[in-house]
Amino acid sequence: MKFTDVAIAGLAYAEAPHRVPSTQFEDQLADTFARLEVRPDVLRSLAGIEARRWWDPGTKPSDAATLAARQVIDEAGVDPAKIGVLVNTSVCRDFLEPSTASIVHGNLGLPTTCMNFDLGNACLAFVNAIEMVGALIERRAIEYALIVDGEGSREIQEATLARMVKGEMSAHQFRKEFASLTLGSGGVAMLLTHRDNAPDGPRVVGGVSRAATEHARLCWGHATHMETETKKLLFAGVTLARQTWAVAQEELGWSDAVLDELVMHQVSQVHTATLCQTLGLTMSKALLTFPELGNVG
């Protein structure tokens, strides 16, 4: 999908207030690590995650998304009445229903004419939303689009730690739940518009996508429990990324040489290094947030 008239009018984030170092988790799990013969610094040495953030207890995904949304609207100086669609893309949700988007819409006091809905696709939904609203902007069906995301890892990590310290978890189950400890918390919001409204704003030039849904069950999660087939998911994900990158090179003319920066899925240092090596990308171009913020949606 290619665009000629879509621009970013603003981008803002909300950082959760509590820094939780990986050493805190490692101290809590010292006996479990010893029993299962797991190296005590595994979160830092293997995943490369030094810390993550937590919200105050009771903070909802909509709260985090609203914080970021208010900031981007204020900084961009956009009249909320001009926002034609609000898309929430968070993995975490306040409820099964109503939609988290409807709560953020109400918090912001957006007009009744502003469409609002949740778009869920694990960690890819924010990018999917850019393409979806970009098509509306390109047709001039709307003037501004607001994409939001609010994530919280406190609940699932407290529950996972409680299971792990009981002394009953097997090494196999520990490996399945380990990825839960790499998650982080935060909020982000982006305003998109026609380039006439933001002539100096970064342009959205396009994107490509491919799916390999036969692997969808390699990672599944609930509010307090997530299980991941880590190695299988890494292999399947990198394989799909290689196929998708080949299409991007052909359709968009992208290559490592023409890219100044790489903003990748922030999973771990293993995933980042493997992806760069597989796609022939320069590792030093990658902007990394996972060492301090963890894997945030």
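Counting along the sequence shown from 1, when you hit position 56 you're at 49 in this note's numbering, and nothing is skipped either side. Idealized CB from N, CA, C, for every residue including glycine. Since the model is a prediction, treat every value here as computed from it, not as a measurement.
Residue i - DSSP class collapsed to helix/strand/coil
i, result
"residue 159", "coil"
"residue 239", "helix"
"residue 257", "coil"
"residue 121", "helix"
"residue 301", "A query on residue 301 cannot be resolved here, the shown segment of the chain reaching from -6 to 290 and no further."
"residue 89", "coil"
"residue 131", "helix"
"residue 115", "coil"
"residue 204", "coil"
"residue 218", "coil"
"residue 234", "helix"
"residue 35", "helix"
Closest Cα partner of residue i within the set the options
i, options, result
"residue 116", "275, 252, 257", "257"
"residue 299", "5, 239, 218, 86", "Because the chain is modelled from -6 through 290, residue 299 falls outside the range shown and cannot be assessed."
"residue 54", "268, 213, 266, 177", "177"
"residue 139", "125, 146, 132, 145", "125"
"residue 207", "283, 225, 193, 201", "225"
"residue 39", "249, 273, 265, 102", "265"
"residue 274", "284, 250, 281", "250"
"residue 48", "199, 262, 150, -1", "150"
Endpoints, the alpha helix (DSSP H) within which residue i is located
i, result
"residue 99", "93 to 101"
"residue 85", "From DSSP, residue 85 is part of no alpha helix (DSSP H); its letter is neither H nor E."
"residue 24", "23 to 29"
"residue 291", "The structure shown has nothing for residue 291, since the chain only spans -6 to 290."
Own chain partners of residue i with C-beta closer than 6 angstroms, once the 5 adjacent residues on each side are dropped
i, result
"residue 64", "5"
"residue 195", "1"
"residue 74", "104"
Unbroken beta strand (DSSP E) run spanning residue i, endpoints
i, result
"residue 54", "Counting along the chain, residue 54 falls outside any beta strand (DSSP E), though it belongs to the alpha helix (DSSP H) covering 54 to 69."
"residue 182", "179 to 187"
"residue 263", "Where residue 263 is concerned, there is no enclosing beta strand (DSSP E), although the alpha helix (DSSP H) it sits in stretches over 262 to 272."
The ligand NAP heavy atom lying under 8 angstroms from the CB of residue i
i, result
"residue 130", "With respect to the ligand NAP, the structure shown offers nothing to examine, as it has no ligands at all."
Neighbourhood of residue i by C-beta distance below 8 angstroms, restricted to the same chain and skipping five residues each side
i, result
"residue 175", "36, 40, 42, 45, 260, 261, 283, 287, 288"
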